[in-house]
Amino acid sequence: MRKLLLASTAAGLLAAAANGTAFACDPDFTGVELTATTQTGPYIASALQIAAKGWEEKTCGKVKVVEFPWSELYPKIVTSLTSGEDAFDVIAFAPAWAPDFTDFLAEMPAEMRQGSAWEDIAPVYREQLMVWNGKVLSQTMDGDAHTYTYRIDLFENADNQKAFKEKYGYDLAPAKTWKQYLDIAEFFNQPANNLWGTAEAFRRGGQQFWFLFSHVAGYTSHPDNPGGMFFDPDTMDAQVNNPGWVRGLEEYIRASKLAPPNALNFSFGEVNAAFAGGQVAESIGWGDTGVIAADPKQSKVAGKVGSAPLPGVDEIYNYKTKMWDKFDQVVQTSFMAFGGWQAAVPSSSTKQEAAWNYIQYLTSPEVSAQAAITGGTGVNPYRLSHTTNLELWSKIFSDREAKEYLGAQKDAVTAKNIALDMRLPGYFSYTEVLEIELSKALAGEVTPQQALDTVAEQWNKLTDEFGRDKQLAAYRSSMGLPQK
Amino acid sequence: MTRNDPIKHFFIWPALIIVLLISIFPLVYSLTTSFMSMRLVPPMPARFVGFGNYADLLSNPRFWHVAGTTTLIAFLSVGLQYVIGLSVALALNSRVPGEGIFRVGFLLPMLVAPVAVALVARQILNPTMGPLNEFMSAFGFPNLPFLTQTSWALGSIIVVEVWQWTPFVILMLLAGLQTLPDDVYEAAALENATPWQQFRDITFPMLLPISTAVVFIRLIESYKIMDTVFVMTGGGPGVSTETLTLFAYQEGFKKFNLGYTSALSFLFLIFITVIGLVYLAVLKPYLEKHK
Chain A
1 MRKLLLASTA AGLLAAAANG TAFACDPDFT GVELTATTQT GPYIASALQI AAKGWEEKTC
61 GKVKVVEFPW SELYPKIVTS LTSGEDAFDV IAFAPAWAPD FTDFLAEMPA EMRQGSAWED
121 IAPVYREQLM VWNGKVLSQT MDGDAHTYTY RIDLFENADN QKAFKEKYGY DLAPAKTWKQ
181 YLDIAEFFNQ PANNLWGTAE AFRRGGQQFW FLFSHVAGYT SHPDNPGGMF FDPDTMDAQV
241 NNPGWVRGLE EYIRASKLAP PNALNFSFGE VNAAFAGGQV AESIGWGDTG VIAADPKQSK
301 VAGKVGSAPL PGVDEIYNYK TKMWDKFDQV VQTSFMAFGG WQAAVPSSST KQEAAWNYIQ
361 YLTSPEVSAQ AAITGGTGVN PYRLSHTTNL ELWSKIFSDR EAKEYLGAQK DAVTAKNIAL
421 DMRLPGYFSY TEVLEIELSK ALAGEVTPQQ ALDTVAEQWN KLTDEFGRDK QLAAYRSSMG
481 LPQK
Chain B
1 MTRNDPIKHF FIWPALIIVL LISIFPLVYS LTTSFMSMRL VPPMPARFVG FGNYADLLSN
61 PRFWHVAGTT TLIAFLSVGL QYVIGLSVAL ALNSRVPGEG IFRVGFLLPM LVAPVAVALV
121 ARQILNPTMG PLNEFMSAFG FPNLPFLTQT SWALGSIIVV EVWQWTPFVI LMLLAGLQTL
181 PDDVYEAAAL ENATPWQQFR DITFPMLLPI STAVVFIRLI ESYKIMDTVF VMTGGGPGVS
241 TETLTLFAYQ EGFKKFNLGY TSALSFLFLI FITVIGLVYL AVLKPYLEKH K
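Chains as they are written, first to last, in full-length UniProt numbering: chain A, 1 to 484; chain B, 1 to 291.
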């Protein structure tokens with residue numbers, strides 16, 4: 001009798017466990033271990049880790065996140081892809097590397113490319129940054145666009161408003177144009193009061209060129225000539241020394257004079273510190289600035305952080321006609337600086353179904369929304385729902401701050417005129433040349449035109465070295481243009 | 001066990017193979033790579049270019065500029081390290097009160113990781129939040145562009161190098177001073193030699209062998225400076241504070257131009273070897289004289 005009782009209890013427990021497992025594993029990836037790789041954490045790696053835990057509970061699979069220092073990540077991925085070895089099932093990488101990876105990536109399953117979760121991804125990612133030659137080869141897992149941040153208290157101070165209007169002849173408000181941006185920076189540049197106009201990254205190797213690109217994007221991204229910001233998409237001739245670029249660089253240099261002393265040594269981290277430390281009246285950069293500045297633990301200006309899209313322009317250089325085209329309305333160009341980390345599955349992976357399922361979970365509206373408001377994940381909004389869920393963001397922002405921040409983020413990824421970042425094979429070779437000349441121009445050793453002429457000459461040389469036709473094809477793909 | 005016992009192979013070969021694998025193979029592989037055009041980004045098939053990478057480097061003004069910058073940093077910082085190090089070592093050798101505390105205090109900078117030292121220096125030299133500029137502003141001086149103007153940036157890097165590595169010089173010279181025989185000084189005192197004469201004719205010449213070694217070691221190490229520059233200035237403004245190793249890093253780990261980087265590494269090796277040989281050749285007569 002005792003034996004019978006024990007046996008029936010054991011059978012009952014086994015059945016319950018079996019039922020429990022079947023209930024928990026949806027879909028069932030029991031026994032599947034995925035290897036995902038990205039840069040050393042916390043940024044991005046922690047987002048993968050957090051999602052891995054949830055995915056493991058949901059599917060009974062396992063995810064091993066292998067982290068490499070930034071400098072080693074590219075060679076590790078590229079060597080595993082080109083050798084065809086089954087080293088990684090998921091790779092999370094910088095979008096600039098996409099041109100070198102796309103030949104070795106599996107296409108996203110059709111069922112992931114439909115439904116509300118798919119439509120929720122901002123169109124610029126869904127239709128451009130995740131697509132290569134008409135195929136969706138990666139999934140954006142982080143949004144990256146530059147926006148504008150300003151000090152609400154300074155801008156709404158009656159004395160400031162009066163003095164500003166007297167000096168510049170228009171109302172003090174978040175900058176609508178790059179000219180206004182510099183006027184405002186000049187007005188608030190008051191070193192005697194420990195206050196400076198603006199903060200941007202100017203340090204070589206400190207994300208400086210993305211800040212220049214934001215200035216330049218306005219003057220060179222002509223709505224009629226998409227993809228013509230960096231190179232002529234017909235000839236692959238560098239456009240980097242055209243008058244639009246020169247104006248952008250002149251304004252970038254001017255901004256450096258209206259920034260705190262030593263700003264030439266600022267990387268994005270220092271920009272955030274300067275804004276959160278109450279040293280500057282406005283700044284441009286990624287969404288991290290707003291999040292950090294709104295946090296009372298890290299900021300002296302919490303509760304006073306306003307956000308807006310990047311300033312715009314009323315004239316744009318047309319590289320085809322070699323003329324400046326005037327516009328009746330201000331054209332607000334959004335620049336997708338860096339473009340946001342991408343997650344993809346190598347064709348060599350033998351666990352593609354599970355790998356895509358993990359990416360789907362990682363980038364699902366719920367999981368990604370939580371990552372976006374969790375400090376240290378490095379995940380910025382890339383879904384429309386990330387920018388509409390006020391309740392979610394009220395955990396870190398005041399109502400007004402949240403409204404403006406989310407509005408700016410949404411406008412940045414849904415703007416009519418969006419400039420995509422450069423994504424080319426040999427990306428760092430191109431940007432290194434630019435960084436060196438940029439630093440010389442910022443230090444006043446060469447004029448903006450001289451600096452950009454040198455860059456153009458060397459970019460053309462690099463293009464020839466890497467193969468003009470190959471680079472042209474990659475450039476057109478990266479800009480979402482059809483092949484010639 | 002006799003000299004011809006075959007068991008010796010059992011002990012020798014594993015060690016030899018390990019040495020070959022660990023030290024010789026990477027060198028040979030790197031040398032071979034230096035004669036190839038090999039890029040990981042964008043991936044391009046490797047091809048033999050002979051001395052092409054070397055010729056490109058030698059005709060590249062940036063290479064000569066960074067070689068000059070590195071030489072300037074190395075010679076100035078090591079010169080200052082030696083002068084300050086010798087002075088402090090002499091002071092510590094004269095048994096001043098609290099000498100033990102001073103000795104530990106002076107050694108502390110050397111024990112800190114260079115990256116940490118550079119980060120601390122960067123913070124100290126920060127114009128708006130750094131204590132140095134704050135202190136100077138209190139006396140009405142303007143904020144100084146410590147890390148953003150070439151001459152100031154070079155000066156700042158040299159000062160940090162001197163601050164961190166003078167303790168090493170102190171340590172070595174102090175050890176040397178403590179081995180000098182007392183009877184020579186007693187004889188000199190009997191002859192009424194002044195302290196300066198004792199230093200010039202006894203201490204300095206007798207310290208020359210160890211001084212030569214210390215300066216040589218520091219010179220070689222200073223030529224390899226990278227972390228301090230990387231953190232403090234990133235090689236900027238432009239390439240004005242870029243050093244040879246930072247240049248190699250940019251080429252190797254940012255552009256993945258492996259053939260070019262290998263050639264640069266070997267040119268660097270040749271450069272340092274030549275400097276070392278010249279240095280030893282110049283000092284040889286003096287060393288022989290005071291043997």
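Idealized CB from N, CA, C, for every residue including glycine.
Per DSSP, reduced to three states, the secondary structure at A/Trp286 is coil, with no helix or strand assignment.
In this structure, the CA atom of B/Val231 is about 16 angstroms from the CA atom of A/Pro69. Within 10 angstroms of the beta-carbon of B/Ala15 lie fewer than 16 other beta-carbons, which makes it exposed.
Between the alpha carbons of A/Ala163 and A/Tyr170 lies a gap of roughly 10 angstroms. Residue-level contact by beta carbon fails for A/Gly339 and chain B, as no gap is shorter than 7 angstroms. Of all residues in the segment 120 to 146 of chain B, only Arg122, Leu125, Asn126, Pro127, Thr128, Met129, Gly130, Asn133, Pro142, Asn143, Leu144, Pro145, Phe146 place a beta-carbon less than 9 angstroms from a beta-carbon of chain A. A/Ala276 is positioned such that its CB atom lies closer than 7 angstroms to that of A/Ala293. Excluding residues up to 5 positions away in sequence, Lys440 lie with their Cβ nearer than 6 angstroms to the Cβ of A/Val446 in the same chain. Think of a sphere of 7 angstroms around the beta carbon of A/Asp100: the chain B residues whose beta carbon falls inside it are Val41, Pro42, Pro43, in chain order.
Around the beta carbon of A/Leu438, 16 or more other beta carbons lie within 10 angstroms, which makes this residue buried.
Short of 7 angstroms from the beta carbon of B/Gly130, and not among the five residues preceding or following it, lie these beta carbons of its own chain, in chain order: Gln123, Ile124. Residue contact with chain B for A/Lys461: absent (no Cβ-Cβ distance below 7 angstroms to any residue of chain B). When DSSP states are grouped into helix, strand and coil, A/Asp100 belongs to the helix group. Here the alpha carbons of B/Leu92 and B/Ala213 stand approximately 21 angstroms from one another. A/Lys351 sits away from A/Val63, with the two beta carbons spaced by 7 angstroms or more. Bounds of any alpha helix (DSSP H) do not take in A/Ser307; it lies within the beta strand (DSSP E) bounded by 305 to 308. For A/Val124, the closest of A/Phe466, A/Ala412, A/Trp324, A/Gln370 by C-alpha to C-alpha distance is A/Ala412. Among the residues facing chain A, B/Val231 is not included, as its CB has no counterpart in that chain under 7 angstroms away.
Contact note: A/Ser116 does not reach chain B at a C-beta cutoff of 9 angstroms; the least C-beta distance is about 38 angstroms.
Between A/Thr333 and A/Asn417, the CB-CB gap stays under 7 angstroms.
Under DSSP, B/Phe48 forms a beta bridge with B/Met36. Just so you know, the alpha carbons of B/Gly98 and B/Val104 end up roughly 10 angstroms apart. When the five nearest sequence neighbours on each side are left out, the beta carbons in the same chain lying within less than 7 angstroms of the beta carbon of A/Asp120 are those of Pro365, Arg383, Leu384, Ser385, in order along the chain. The beta carbons of A/Ala92 and A/Ile50 sit no closer together than 7 angstroms.
Proximity of A/Gly285 to chain B, defined by a Cβ-Cβ separation below 7 angstroms, is not satisfied. A/Gln190 sits in a strand when the DSSP states are folded into three classes. A/Asp100 counts as buried, since at least 16 other C-beta atoms from the protein chains shown sit within 10 angstroms of its C-beta.
Per the C-alpha coordinates, the member of B/Ser94, B/Ile158, B/Ser240, B/Ser265 positioned closest to B/Gly252 is B/Ser265. Using a Cβ-Cβ distance cut-off of 8 angstroms, the segment 180 to 196 of chain B and the segment 103 to 118 of chain B are not in contact, since fewer than three pairs of beta carbons, one from each stretch, lie closer than that value. For B/Val66, the closest Cβ of chain A is not nearer than 7 angstroms.
At a cut-off of 7 angstroms between beta carbons, A/Gly426 contacts chain B.
When DSSP states are grouped into helix, strand and coil, B/Ile272 belongs to the helix group. For chain B, the residues of the segment 430 to 450 of chain A that bring a beta carbon within less than 7 angstroms of one of its beta carbons are Glu432, Ile436, Ser439, Lys440, Leu442, Ala443, Glu445, in chain order. Membership of A/Gln329 in any alpha helix (DSSP H) is not indicated; the residue belongs instead to the beta strand (DSSP E) covering 323 to 331. The straight-line gap separating the alpha-carbon atoms of B/Gly238 and A/Ala192 is approximately 30 angstroms.
Between B/Val184 and B/Gln81, the gap from beta carbon to beta carbon reaches 7 angstroms or more.
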